[in-house]
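Student: Keeping their order, the protein sequence lines are chains A, B, C and D. Per this note's numbering, the very first residue in the first sequence carries number 1; after that it's consecutive. Per this note's numbering, the very first residue in the second sequence carries number 361; after that it's consecutive. Per this note's numbering, the very first residue in the third sequence carries number 649; after that it's consecutive. Per this note's numbering, the very first residue in the fourth sequence carries number 941; after that it's consecutive.
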Amino acid sequence: MSAAGPSQRARPPGGERRAAPLGGDHTTAYAIYVGKRLLQFMLVVFIGINLAFVITHSTPIDPVEQTVATATAFGSTSPEAVEMMRQSLRELYGLGGSPWAQYAVFWKRIAVGDFGPSLSAFPTPVSVLINRALPWTIGLLTVSTLLAWILGNLLGGLAGYYRDSKILRIAGIVAMGVHPIPYYIVAFVFLIVFGYLWPVLPITGGSQMNVQWGWNATFILSVLRHSILPIISLVLVGIGGWFMGMRSLVSNIVTEDYVTYAELAGVNRRRILGAYVMRNALVPQVTGLAMSLGSIFNGAIITEQVFGYPGIGTLLISAVHTGDYSLVIGIASVSIIAVSFCVLVIDLLYPLLDPRVKAT
Amino acid sequence: MFTTARDLFRYNREFRAGILLTGFIVAFAALSFVSPYPPQDTFVVPPDVPPSIAHWFGTTSRGQDVFWQLTFAIRNTMLFGFAVAILSRLISIGVGMWSGYKGGFVDRVLMSINDTFIVIPLFPLLVLFYFVMRDKMSWPLLALAMACLGWSYDARLIRSVAMSLKSREFTQQSVFSGMRTSEIVLQEHLPYVLPIVFYTTMNNMNWSIGLEVTLSVLGFTNIDTPTIGVMIYWANQHTAMVAGIWWWIFFPVLFVVILFIGLFLLAISMNEYIDPRSRLARMGGVRG
Amino acid sequence: MSAAVSPLLDVDRVGMTYAVGGLLRRRGVTAVDDVSLRLESGSPEILAIIGESGSGKTTLARMILNLAKPTAGTIRFRGADVIAIRSIRQRMDFMRQVQPIFQNPFEAFNPLKALDHYLFISARRFAGARGRDDFEARADKALHQVGLSLAEVKGRYPHELSGGQLQRIAIARALVSSPSLIVADEPVSMVDASLRMSIVNLFKALRDELGVSIVYITHDLATAYYISNRVLIMQRGKAVESGDARAVLDNPQHPYSILLKSAVLSPDDAGRPMSRAGSARPPSAHSISNAE
Amino acid sequence: MSAAAPTSAVATSAVPERVLTVRDLRAYYRTKYFGISREVRAVDGVSLHVDRNEIYGLAGESSCGKTTLIKTIVRAIRPPLDVVGGSVTFHFAGRDRDIHALSERELEGIRWRHLSYILQGSMNVLNPVRRVRQSFVDFAHRHIGKPMPEFLHQVESHLSRVRLEPATLDAYPHELSGGMRQRVTIALATVCRPDFIVADEPTTALDVVVQKDVLGMLREVQQEIRSSMILVTHDIGVHANVTDRLGIMYAGRLVEEGRTVDVIRDPRHPYTSHLVTSLPRIGDVTQKRGLDGAPPNLAAPPTGCRFHPRCPLAMAACRVEHPPMVDVAPGHRVACWVTAPPDKPVALQ
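Structure (structure tokens):
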């Protein structure tokens, strides 16, 4: 057969394969993708922490004066003691010296992870408090987000593909009905329902007060029982978003050529739904997950506060009420870093789902 | 503009439901102008009276009529939400259109900054903001802060619409018909941008009202001016639930939920328009 | 310069290299490489630029229309350097004389606006028309040049008309400013075969009766043969062969041109086995006609 | 002037085995937008048949209903398309089966085993997130039934028929060029050696050089597995080089049908003759004439013969009633009152 002339793309005739061997092409593209994502992660942390710095250092009120005022409100203390306290507080809050010095101290603290001692729970350092609360929040966050994401995508995908099924349509209306209501209101309603009308589940605290910490069955069981309400309320709010996103994605993908082609080939419908429709619809949903993690995190710490769940949400609110300056900054910084780290992890998993990731 | 609204109302279910619900809330908020009791005054009515003929929604432990107090609360909450939405539109439309039309380096820089604002959790920052402002915190200041933090998600949506419009062939045809850039944006592209702007405005109002309620309930805002969150805050302060004064919390929660669902329905009613294909189908443009 | 008057269009060793790849792996992809062509102003003609997708013919068109800046070489229109156009007035002047025709008629018009909107604006901006009836007169005249009338188009929307009619209106819009050069990028490839010839004949009429020169970009050798005076064949950004249309297409010299011509599937091949080695099976004869 | 009937090199059996019979098929798009209900008669009474080892070409312009026709033939019906009347009967494995009467299970049984499809070579015909091998496994493995390694080996040898290396199976669709993707689709559609292949504009999205190459391979593979095929394209040149018989569609109806060489060399219907003669050819500069008017709006088609508003030979009868299909030569039928009046006796050779 006369050799096909040079085909329309700059490629040798005949074999018509891209120059780089298939394997080699993947790893370099992936390495560059990871590089870009790391850059983005650092940018997020940089801008986030700077925001926290700007907010804290651009205020008319001087936090030191405020703390001194609250401390000296009860009874008289000698002026030297007040001056000495002001001096140590200024140094403690890292507010001494020129703005640049403060900026350097601010960053040093974050790099080391030491935000100085907490005022309200003196002398335990802020980082200890945060490390004690963080696992609760991370646990609550991951479980409820995954549950909402998986359930939402599954139901949304089915509703998009089997458009005439009644139950899915009703599930859709419920999910859409609850979705716009903010986390606080839904948690609050749950609190009222399970607190007063049908007191079956524990409505506050992370675990039974008197239960001994440690990896024993009773403790774990009570932790689970206590986390049921926060998780349900978070899942109920989150599921609507994924449901609608997936349903509209699926109803578009169903008209794509590769789906109609599979249907023409008599591939059975469940396989088409799974390997062709959902598999392709998940790709944008993963990006969606990464982009909405910030707002889900907000929801988690708000819901914690309603149920008195011992995560960093409750810690943050109590820190504000007790005026614990370094604890609030610590929590804000840790939240930014934690969320952007989780987003980085999701971004790095993304190419496993979508092979088209090229170093564009 | 009016005809499209009329068509929308007649044929678009979500839009009709959204208008009815939101309209009801707006009408209710308008009642605040004829309220017999000034909002700040307390103990103008006997406290803790359950809903009755005299006081439809009952009265609070602080001696305020829940019905009239709620009219002020809803009005202030909506005004706040609307202010944040409008302010954040300026930034998201600016960033979205600029990076969508310009493309290239500007687009890359703007979008990487934009993505950071999407990822950063805003609640801790707002709490931090309150913490340092304390009693200096005023509603306009909070609205400004939320607007400066809440524009990024919508900027990306607007950017994608702008980018697709720029590459459409009829844009080139308009350029070569002698239309100036401003004319092209206003006459050719606006009908495509408006639905997405309306969609994001409604969503942003929901977001900002949700956050306002959350911050106020925790007492992190100026708790003198009545808003939905502030009402619930005072109800919690007086442990209304334990004391059995359920109506003090029930009606604010009910009304704000109606508002959320109304705004949300208005937002998703625009979905059909953001995708021009379905708009063409509606105009009978289905080719045989 | 030797020519008494400067050429209508002088494309001199033009090239375009795109930077592709992220920050780390920047590599240049050359879309157009050292292409020259020239249109004299005295004698209107149709120059066909032939090439497959990826040959750079569309990039070349965009550069001539000043929609893209070349990375090498110069483009002069009536002696003035096109790339140096800065001010609004210069740009409007250039656009009055050089008008484009786009490939997809369905995409060339905003589906939400009436068709006459473009004609009126061109009339106002380029033909110095003032007032509504002046616009309509100017638009009607242009529409008649393409075999239509304002009555058929006024208030109609793009989805109400066929591809062929839309492309005629696009040509009419270009004619409103009575340009001296039209750059048409694959103007008939999206139009139905039966209507295609009426548009192609229209281009011939523009050249012969209105003296408009046309740069006609296509991958279809047959229409190029039918209407163009000269052709330029491009392969992967380079001009491989050019010259008089009949001479080049009747017996092409460059191997790529030969390959292109041999790949054209002509209706007259019916019955003859395909020129490829795998000969087509001779048509199966039916012994009994199967009257239905 | 019809060419003398060449004696066929292939010994034809007494009566060529008829694989597909379509009888008076009607399929309309029924849509209801904002209270206005519209009925678009995309396919309005089409009858045709395709014999074994024969390629039947279907030509016609945009919105003439050819794509709707083949969607109805392979029963790829999705609302708002609705089959209103007529039948589509395939002859597979010795039995005649009306595809619209089959149960979902039976349909799944014949799809790809007996009836396969080649889509227009658009960007994403294959699943973008899975390797090419996955499509072969999903589409064909259940029919071929061999253990996986053996099945993959058979697929690899089949790929060589379209000059593709076995490594192509490991590639993702976005890593292949347009030409390669279309050759994969051809291999996919023919790996089960089906009795009937439907090809919808298989090479329209490809460049001229690649198109000729791909069409050659399509023809080669088809002859080797002796399957019948319907090839849909608006490009008369492609029909001239590939198809054995050719049907011309206009506004939802067949207006002319016959052996490709007869229809092109000796077109009888005014629309066909315009289509064929108005095509520009290299080496011919005689003035060509465009057809005036525009393709009819199928929602409100003209009465009688739907071509009459644009037909130079139109007369009174044309405006009233559809002309029936009449034999003007062996295997050559035309639906036109002027060029093929039914009452004139046709000399049967």
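Glycine residues also receive a C-beta, built at the ideal position from the N, C-alpha and C atoms. These numbers were taken from a predicted model, which means no experiment stands behind them.
Taking CB distances under 8 Å as the criterion, tell me whether His1135 of chain D reaches chain A.
Tutor: By 1-based counting over the fourth sequence, the position of residue 1135 of chain D is 195. The sequence given here has Asp at residue 1135 of chain D, not His. By the rule that beta-carbons nearer than 8 Å mark a contact, Asp1135 of chain D does not touch chain A.
Student: Using beta carbons (cut-off 8 Å, strictly below), is Asn131 of chain A in contact with chain B?
Tutor: Here residue 131 of chain A refers to the residue found at position 131 when the first sequence is read from its first residue. No, its Cβ sits nowhere closer than 8 Å to a Cβ of chain B.
Student: Sort B:Met562, B:Arg494, B:Gly538 by Cα distance to Gly579 of chain B and report the nearest one.
Tutor: As a position in the second sequence, residue 579 of chain B is number 219, starting the count at 1. Nearest C-alpha to Gly579 of chain B: B:Arg494.
Student: Measure from the alpha carbon of Val573 of chain B to the alpha carbon of each residue in A:Glu65, A:Val186, A:Pro351, then state which is nearest.
Tutor: Along the second sequence, one-based indexing puts residue 573 of chain B at 213. For Val573 of chain B, the nearest C-alpha among the options comes from A:Val186.
Student: Between Thr1144 of chain D and Thr1173 of chain D, how many whole angstroms is the CB-CB distance? I'm expecting something under 8 Å.
Tutor: On the fourth sequence, position 204 is the one that residue 1144 of chain D refers to. On the fourth sequence, position 233 is the one that residue 1173 of chain D refers to. About 6 Å separates the two Cβ atoms, so the contact holds.
Student: So Thr204 of chain A is in the beta strand (DSSP E); what residue range does that whole segment cover?
Tutor: Here the question's residue 204 of chain A lines up with position 204 in the first sequence. Here Thr204 of chain A belongs to no beta strand (DSSP E), and DSSP marks it neither H nor E.
Student: Suppose you measure from the CA of Arg816 of chain C to the CA of Leu1109 of chain D; what does that come to, to the nearest Å?
Tutor: Within the third sequence, numbered from 1, the residue matching residue 816 of chain C stands at position 168. Within the fourth sequence, numbered from 1, the residue matching residue 1109 of chain D stands at position 169. Whole-angstrom Cα-Cα distance: 47 Å.
Student: Taking the C-alpha atoms as reference points, what is the distance between Ser524 of chain B and Ala762 of chain C?
Tutor: By one-based count along the second sequence, residue 524 of chain B stands at place 164. By one-based count along the third sequence, residue 762 of chain C stands at place 114. Each residue's Cα considered, the two are about 21 Å apart.
Student: For Glu808 of chain C, tell me which candidate among C:Phe757, C:Tyr766, C:Gln793 has the shortest Cα-Cα distance.
Tutor: As a position in the third sequence, residue 808 of chain C is number 160, starting the count at 1. Out of C:Phe757, C:Tyr766, C:Gln793, C:Phe757 has the C-alpha closest to the C-alpha of Glu808 of chain C.
Student: Counting C-beta neighbours from all protein chains within 10 Å, is the total for Phe341 of chain A 16 or more, i.e. buried, or is it exposed?
Tutor: On the first sequence, position 341 is the one that residue 341 of chain A refers to. The residue in question, Phe341 of chain A, is exposed, as its Cβ has fewer than 16 Cβ neighbours within 10 Å.
Student: Leu897 of chain C and Ala887 of chain C look like a contact to me (Cβ under 8 Å); what is the Cβ gap, rounded to whole Å?
Tutor: If you number the third sequence from 1, residue 897 of chain C lands on position 249. If you number the third sequence from 1, residue 887 of chain C lands on position 239. Contact check for Leu897 of chain C and Ala887 of chain C: beta-carbon distance about 15 Å, past the 8 Å limit, so the pair fails to qualify.
Student: Excluding five sequence neighbours on each side, which residues of the same chain lie with their C-beta closer than 7 Å to the C-beta of Glu1001 of chain D?
Tutor: As a working mapping, residue 1001 of chain D is identified with position 61 in the fourth sequence. Taken in chain order, the residues that qualify are His1174, Pro1235.
Student: Among D:Glu1115, D:Glu1048, D:Asp1038, D:Ser1168, which has the Cα closest to the Cα of Pro956 of chain D?
Tutor: Reading the fourth sequence from its first residue, position 16 is the one you call residue 956 of chain D. Among D:Glu1115, D:Glu1048, D:Asp1038, D:Ser1168, the Cα nearest to that of Pro956 of chain D is on D:Ser1168.
Student: Name, in chain order, the residues that DSSP records as bridge partners for Phe1030 of chain D.
Tutor: Looking up residue 1030 of chain D in the fourth sequence gives position 90. DSSP lists D:Leu960, D:Arg1037 as partners of Phe1030 of chain D.
Student: Determine, using beta carbons only, whether Cys1132 of chain D and Ile1204 of chain D come nearer to each other than 8 Å.
Tutor: One-based indexing of the fourth sequence puts residue 1132 of chain D at position 192. One-based indexing of the fourth sequence puts residue 1204 of chain D at position 264. For Cys1132 of chain D and Ile1204 of chain D, no; Cβs fall outside 8 Å.
Student: Return no unless some Cβ of chain C is closer than 8 Å to the Cβ of Gly1223 of chain D.
Tutor: Counting from one through the fourth sequence, the residue named residue 1223 of chain D turns up at place 283. Gly1223 of chain D counts as touching chain C.
Student: Per the contact definition of three or more C-beta pairs closer than 8 Å, is the stretch 322 to 341 of chain A in contact with the stretch 379 to 390 of chain B?
Tutor: Contact between the stretch 379 to 390 of chain B and the stretch 322 to 341 of chain A is absent, because fewer than three Cβ pairs lie under 8 Å.
Student: Quick one: what does DSSP say Arg1133 of chain D is sitting in, helix, strand or coil?
Tutor: Position 193 of the fourth sequence, counted from the first residue, corresponds to residue 1133 of chain D. Looking at Arg1133 of chain D - three-state DSSP - the assignment turns out to be coil, as it is neither helix nor strand.
Student: With 8 Å set as the bound, which would you pick, yes or no: does the beta-carbon of Asn1181 of chain D sit closer than that to a beta-carbon of chain C?
Tutor: Along the fourth sequence, read from residue 1 onward, the residue named residue 1181 of chain D stands at position 241. Closer than 8 Å: yes.
Student: Which one of B:Thr476, B:Ala507, B:Leu430, B:Pro398 has the shortest CA to CA distance from Leu571 of chain B?
Tutor: Position 211 of the second sequence holds residue 571 of chain B. Nearest option by C-alpha distance: B:Ala507.
Student: Find the residues of chain A that neighbour Val613 of chain B, judging by a C-beta separation of less than 8 Å, and give them in chain order.
Tutor: Translated into the one-based positions of the second sequence, residue 613 of chain B becomes position 253. Per Cβ cutoff of 8 Å: Ile185, Phe188, Val189.
Student: Helix, strand or coil for Pro21 of chain A per DSSP?
Tutor: As a working note, residue 21 of chain A is residue 21 in the first sequence. With a pLDDT of only 38 at Pro21 of chain A, under the threshold of 50, the placement of this residue in the model should not be trusted; the figure read from the coordinates follows. Pro21 of chain A falls in the coil class under three-state DSSP.
Student: For Val746 of chain C and Val831 of chain C, which I take to be in contact (beta-carbon distance under 8 Å), what is that distance rounded to the nearest angstrom?
Tutor: Here the question's residue 746 of chain C lines up with position 98 in the third sequence. Here the question's residue 831 of chain C lines up with position 183 in the third sequence. With a Cβ gap of about 7 Å, Val746 of chain C and Val831 of chain C count as contacting.
Student: Can you give the Cα-Cα distance for Arg772 of chain C and Phe783 of chain C, rounded to whole angstroms?
Tutor: For this step, residue 772 of chain C is matched to residue 124 along the third sequence. For this step, residue 783 of chain C is matched to residue 135 along the third sequence. Going from the Cα of Arg772 of chain C to the Cα of Phe783 of chain C covers about 7 Å.
Student: For the beta strand (DSSP E) containing Gln747 of chain C, name the first residue and the last one.
Tutor: Reading the third sequence from its first residue, position 99 is the one you call residue 747 of chain C. Element bounds for Gln747 of chain C: 746 to 749.
Student: Show which residues of chain D have a CB atom less than 7 Å away from the CB atom of Lys705 of chain C.
Tutor: Locating residue 705 of chain C in the third sequence gives position 57, counting from the first residue. Result: empty, since nearest Cβ-Cβ is about 12 Å, beyond 7 Å.
Student: Report the start-end ranges of each alpha helix (DSSP H) in the stretch 1042 to 1096 of chain D that is 4 residues or longer and not cut off at the edges.
Tutor: 1044 to 1050, 1072 to 1076
Student: With respect to the beta strand (DSSP E) encompassing Met664 of chain C, which residues constitute its N-terminal and C-terminal limits?
Tutor: Reading the third sequence from its first residue, position 16 is the one you call residue 664 of chain C. Segment 657 to 668, the beta strand (DSSP E) holding Met664 of chain C.
Student: Are Val301 of chain B and Gly589 of chain B close, meaning C-beta to C-beta below 8 Å?
Tutor: Since the first residue of chain B shown is 361 and the last is 648, residue 301 of chain B is not available in this structure.
Student: Grouping DSSP H, G and I as helix and E and B as strand, with all else coil, what is Val413 of chain B?
Tutor: Here residue 413 of chain B refers to the residue found at position 53 of the second sequence. Note that residue 413 of chain B corresponds to Ile in the displayed sequence, not to Val. In the structure shown, Ile413 of chain B sits in coil (DSSP, three-state: anything other than H, G, I, E or B).
Student: I want to verify the contact list: residues of chain C whose CB lies under 9 Å from the CB of Lys1006 of chain D, in sequence order.
Tutor: Start at 1 with the first residue of the fourth sequence, and residue 1006 of chain D comes out as number 66. Near Lys1006 of chain D there are no residues of chain C at all, since even the closest Cβ is about 13 Å away, more than 9 Å.
Student: State the DSSP-derived secondary structure class of Gly440 of chain A, mapped to helix, strand or coil.
Tutor: Absent from the structure is residue 440 of chain A, since the part of chain A shown begins at 1 and ends at 360.
Student: Of all the CB atoms in chain B, is at least one closer than 8 Å to the CB of Glu755 of chain C?
Tutor: Counted from its first residue, the third sequence places residue 755 of chain C at position 107. Against chain B, the CB of Glu755 of chain C has a partner CB under 8 Å away; the residue lies at that interface.
Student: Along the stretch 238 to 264 of chain A, what residues have a CB closer than 8 Å to any CB found in chain D?
Tutor: Glu256, Asp257, Tyr258, Thr260, Tyr261, Ala262, Glu263, Leu264
Student: Our contact map puts Gly1230 of chain D next to Met845 of chain C with C-beta atoms below 8 Å; I'd like the distance itself, whole angstroms only.
Tutor: Locating residue 1230 of chain D in the fourth sequence gives position 290, counting from the first residue. Locating residue 845 of chain C in the third sequence gives position 197, counting from the first residue. Confirmed, about 4 Å.
Student: Taking Phe388 of chain B as the reference, give the member of B:Asn436, B:Gln400, B:Pro398, B:Glu374 with the closest Cα.
Tutor: On the second sequence, residue 388 of chain B is found 28 positions in, with the first residue counted as 1. Measuring from the Cα of Phe388 of chain B, the nearest candidate turns out to be B:Asn436.
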